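Each residue of the sequence shown is one higher than the last, beginning at 1 in full-length UniProt numbering.
Don't be surprised by glycine CBs; every beta carbon is placed ideally from N, CA and C.
Only a predicted model underlies this, so the values are computations on that prediction, with no experimental measurement involved.
These notes concern the structure reproduced below.
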Amino acid sequence: MSANPIPAIRGRVQAGAALAPFTWFRVGGPAEWLVRPADAEDLVALLAGLPEAMPLTVLGAASNLIIRDGGLPGVVLRLGGAFGAVQAEADGLVAGAAALDAVVAQHAAAAGLAGLEFLSGIPGAIGGAVAMNAGAYGTEVKDRLDWAEVATAAGVQRLTAAELDFAYRHASLPPRGVVLRARFHAAPGEAAAIAARMAEIRAAREATQPVRARTGGSTFKNPPGARAWEVIDAAGCRGLRRGGAEVSGKHCNFLLNTGTATAAELEALGEEVRARVLAHSGVALEWEIRRLGIPLTEGAAA
């Protein structure tokens with residue numbers, strides 16, 4: 001472990017912190033440095049003072065992430081409660097990056113605002129939803145976002161949806177930029193209709209996805225003209241196992257940690273699925289789950 005390279009901030013700095021408990025898969029090695037800034041000003045000071053060569057990873061709800069067994073080098077940034085405020089307005093809602101997507105949907109419903117029900121079907125937090133243009137049930141973040149405030153070493157920038165240049169599961173953030181909060185437009189709606197739509201989304205997720213398992217959400221992006229689960233199923237991968245990792249029998253675009261899986265087993269199983277799909281249908285699946293860090297047997301970040 002190197003000497004502490006972290007600039008003096010008011011938040012918490014922890015060396016060698018376990019990260020597996022934060023992730024939905026419950027796997028992965030430690031952070032070299034886990035940093036939790038006190039507020040936006042503290043975060044900007046951190047970004048301004050970090051050495052340029054220091055790796056920086058933002059850890060949100062960690063619902064779509066495999067942290068490799070050797071852990072994450074550099075700084076792992078986790079935003080706490082100070083970044084989770086949600087404020088309803090007449091024609092929209094402003095949500096902090098740490099606010100869970102489902103909680104934001106609930107706030108909108110309580111305020112009688114329609115159009116954000118889709119967030120109740122996304123397992124994550126607002127910062128990650130903006131950074132990856134998350135979507136579900138026919139709506140994506142780009143369809144509802146007015147602006148996002150992003151912390152950088154130079155300060156806080158407010159970027160419009162157009163400036164974020166959204167694409168499928170992607171937003172163009174400034175280098176080493178960290179989403180602080182975002183505004184979504186919505187419209188007054190009938191409370192009963194909003195509640196019914198959210199209940200419908202919850203029921204659909206319960207019926208079709210392994211929501212109570214140790215999983216990471218959709219593993220692969222939908223390929224052009226198809227759905228990932230369909231080509232995975234056609235290639236005979238439903239229920240495929242490697243060690244403690246398994247392709248869900250309920251929805252085969254989900255990987256599961258059945259209880260003893262390592263990050264290496266999950267990633268290797270995903271690669272085996274990709275190879276089988278490519279051989280069967282010629283479709284080259286792209287990972288949607290992020291895979292970060294150092295494999296346990298290697299000494300350098302991948």
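Using CA coordinates, which residue listed in the options is at the minimum distance from residue i?
{"i": "A235", "options": "V247, G225, A136 and A99", "result": "V247"}
{"i": "L93", "options": "N133, L296, R36 and A182", "result": "A182"}
{"i": "A62", "options": "A38, V27, G49 and E52", "result": "V27"}
{"i": "V76", "options": "L116, R12 and V104", "result": "R12"}
{"i": "A193", "options": "T57, E286, T139 and L116", "result": "L116"}
{"i": "D39", "options": "I289, Q209, I294 and V178", "result": "V178"}
{"i": "A17", "options": "W24, A186, G74 and A95", "result": "G74"}
{"i": "G80", "options": "P223, V35 and T57", "result": "V35"}
{"i": "I67", "options": "N253, T262 and P188", "result": "T262"}
{"i": "T23", "options": "P51, A125, G84 and E41", "result": "A125"}
{"i": "P175", "options": "P55, R10, P30 and L113", "result": "P55"}
{"i": "E206", "options": "A245, K250 and R227", "result": "K250"}
Which residues does DSSP list as the beta-bridge partners of residue i?
{"i": "L292", "result": "I67"}
{"i": "P188", "result": "L113"}
{"i": "A182", "result": "A95 and A148"}
{"i": "F220", "result": "W287"}
{"i": "V76", "result": "L34 and T57"}
{"i": "H170", "result": "A167"}
{"i": "R242", "result": "A245"}
I need the boundaries of the alpha helix (DSSP H) containing residue i, first residue and last residue.
{"i": "L43", "result": "A40 to G49"}
{"i": "S281", "result": "A263 to S281"}
{"i": "A228", "result": "A228 to A234"}
Identify the continuous beta strand (DSSP E) that holds residue i and give its terminal residues.
{"i": "V35", "result": "A31 to R36"}
{"i": "T160", "result": "G155 to T160"}
{"i": "V211", "result": "Premise fails: V211 is in no beta strand (DSSP E) and is neither H nor E."}
{"i": "G16", "result": "R12 to A17"}
{"i": "G60", "result": "Run containing G60: none; DSSP gives neither H nor E here."}
{"i": "A88", "result": "V86 to E89"}
{"i": "V247", "result": "A245 to V247"}
{"i": "L255", "result": "L255 to N257"}
Within 10 angstroms of its Cβ, does residue i collect 16 or more other Cβ (buried), or is it exposed?
{"i": "N257", "result": "buried"}
{"i": "Q87", "result": "exposed"}
{"i": "L19", "result": "buried"}
{"i": "S172", "result": "exposed"}
{"i": "G259", "result": "exposed"}
{"i": "G128", "result": "buried"}
{"i": "A151", "result": "buried"}
{"i": "T160", "result": "exposed"}
{"i": "A134", "result": "buried"}
{"i": "T215", "result": "buried"}
{"i": "T208", "result": "exposed"}
{"i": "A300", "result": "In this prediction, A300 has a pLDDT of 41, which is less than 50 and means its spatial position is unreliable; nothing more can be read from the coordinates."}
{"i": "I294", "result": "buried"}
{"i": "D91", "result": "exposed"}
{"i": "P21", "result": "exposed"}
{"i": "G282", "result": "exposed"}
{"i": "A284", "result": "exposed"}
{"i": "G121", "result": "buried"}
{"i": "E265", "result": "buried"}
{"i": "G225", "result": "exposed"}
Should residue i be flagged as near chain C, meaning a C-beta pair shorter than 8 Å?
{"i": "G29", "result": "Although the question refers to chain C, the structure presented lacks it and comprises just one protein chain."}
Within the stretch 96-152, note down every full beta strand (DSSP E) run reaching 3 residues or more, in order along the chain. Taken in chain order, the complete beta strand (DSSP E) segments of 3 or more residues contained in the stretch 96-152 are 145-152.
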